[in-house]
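I have placed the structure first, in the form of structure tokens, so that the comments after it can refer back to it.
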Ligand code: SF4
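In our numbering, the protein residues as written are 261 to 542.
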């Protein structure tokens, strides 16, 4: 089976237990206002152009016109750029190729209690490929999946039986606000979370702290209550990435967050303690 990835990062320490190799799969059904991986949103292969050092000579677009009849970036643009500023984002790999790549460090990862994490984008967008990867790696290395939880419930139930750890993002508890800031409803996300919390599988809840969006009293109160209902006593709080905008230029897009990103995130960690939840800021 073939899948499409946009990065493999080795020796990471924030994507699960120990030291991890993280595989980023292309494609995501959400469009979070604060997304710092816009190059992972679309399923298709894309061509990225760095604006730093660009001569504005147009050779990359000329190459597109010659090769495919449109003034857009394409494979030919990579060689055409005299500054080497164009690159492809999206690599098609077979499950065997990818397994060989991530397993080359398996001994080290095992020795430090680490493993492999599938992230994205939303890795379940390539569900069959992800499931095959998890099967191939079973018993060879610890497997984690980082997910938004926005996935069909039956598919999610099957996924729970195929991985060793889930890193599960909770963003906004209010459905209307969730739709406004991510583009999708949160009903299936909450339903999948409840199912996961009842299962024996280990999981880690993660909340991105977005100024004025997810860090509000109302949202954090609702998250604490939801975690309590599901007997969850540990949560990781992810910082807002203030460099989020830089990658949009690479994709030829503009970063237009619909919140005040200059606002300081200032949350009351004691709120979590009062709910008997240990909150760790990463
Ligand atoms: S070919 Fe390279 S330097 Fe010229 S416009 Fe394109 S990206 Fe810029």
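For every residue, glycine included, the Cβ atom is placed at its ideal position computed from N, Cα and C.
The structure presented is a predicted model; accordingly, all values stated were derived computationally and were not measured.
Considering only heavy atoms of the ligand SF4, does any lie closer than 7 angstroms to the CB of residue i?
i, result
"residue 319", "yes"
"residue 336", "no"
"residue 457", "no"
"residue 316", "yes"
"residue 345", "yes"
"residue 513", "no"
"residue 340", "yes"
"residue 309", "yes"
Which word fits residue i, buried or exposed, when buried means at least 16 other C-beta atoms lie within 10 angstroms of its C-beta?
i, result
"residue 273", "exposed"
"residue 589", "Absent from the model: residue 589. The displayed extent of the chain is 261 to 542, so no value can be given."
"residue 331", "exposed"
"residue 536", "exposed"
"residue 459", "exposed"
"residue 314", "exposed"
"residue 503", "exposed"
"residue 309", "buried"
"residue 494", "exposed"
"residue 446", "buried"
"residue 285", "buried"
"residue 252", "Outside the modelled stretch of the chain, which goes from 261 to 542, sits residue 252, for which no answer is possible."
"residue 399", "exposed"
"residue 337", "buried"
"residue 263", "buried"
Once you ignore the five residues that flank residue i on each side, which residues in its own chain have a CB closer than 6 angstroms to its CB?
i, result
"residue 423", "394, 403, 405"
"residue 293", "441, 517, 518"
"residue 373", "277, 278"
"residue 340", "319, 320, 323"
"residue 425", "276, 404, 462"
"residue 392", "261, 355"
"residue 362", "281, 376"
"residue 429", "408, 466"
"residue 351", "265"
"residue 343", "313"
"residue 291", "443"
"residue 267", "284"
"residue 438", "432, 446"
"residue 529", "539"
Given residue i, which residues of its chain have a CB within under 8 angstroms of its CB, disregarding the five upstream and five downstream residues?
i, result
"residue 370", "401, 402"
"residue 457", "463, 490, 491, 492"
"residue 396", "355, 356, 359"
"residue 417", "455"
Among the residues of its own chain, which have a CB less than 7 angstroms from the CB of residue i, if the five just before and after it don't count?
i, result
"residue 288", "300, 301, 380, 381, 382, 385"
"residue 328", "334"
"residue 486", "433"
"residue 365", "270, 281"
"residue 525", "469, 471, 475, 500"
"residue 597", "With the chain represented from 261 up to 542, any question about residue 597 goes unanswered, as that position is not in the structure."
Could you give the C-beta distance for residue i and residue j, rounded to a whole number, given that I count them as a contact under 8 angstroms?
i, j, result
"residue 534", "residue 497", "Not really, about 16 angstroms apart at Cβ, beyond 8 angstroms."
"residue 484", "residue 306", "Contact doesn't hold; Cβ gap of about 39 angstroms is too wide."
"residue 411", "residue 480", "Actually they are not in contact, since the Cβ atoms of residue 411 and residue 480 sit about 25 angstroms apart, beyond 8 angstroms."
"residue 451", "residue 413", "6 angstroms"
- Those runs of the beta strand (DSSP E) which lie wholly inside the segment 402 to 434 and span at least 3 residues: 402 to 407, 425 to 429
Counting only runs that start and end within the segment 439 to 470, where is the beta strand (DSSP E) found for 3 or more residues in a row?
462 to 468
field: Unbroken stretches of the alpha helix (DSSP H), 4 residues or longer, contained in the segment 462 to 517
entry: 477 to 489, 506 to 510
**Q.** Runs of beta strand (DSSP E) lying entirely within the segment 298 to 377, each at least 3 residues, in chain order
**A.** 306 to 309, 346 to 349, 351 to 354
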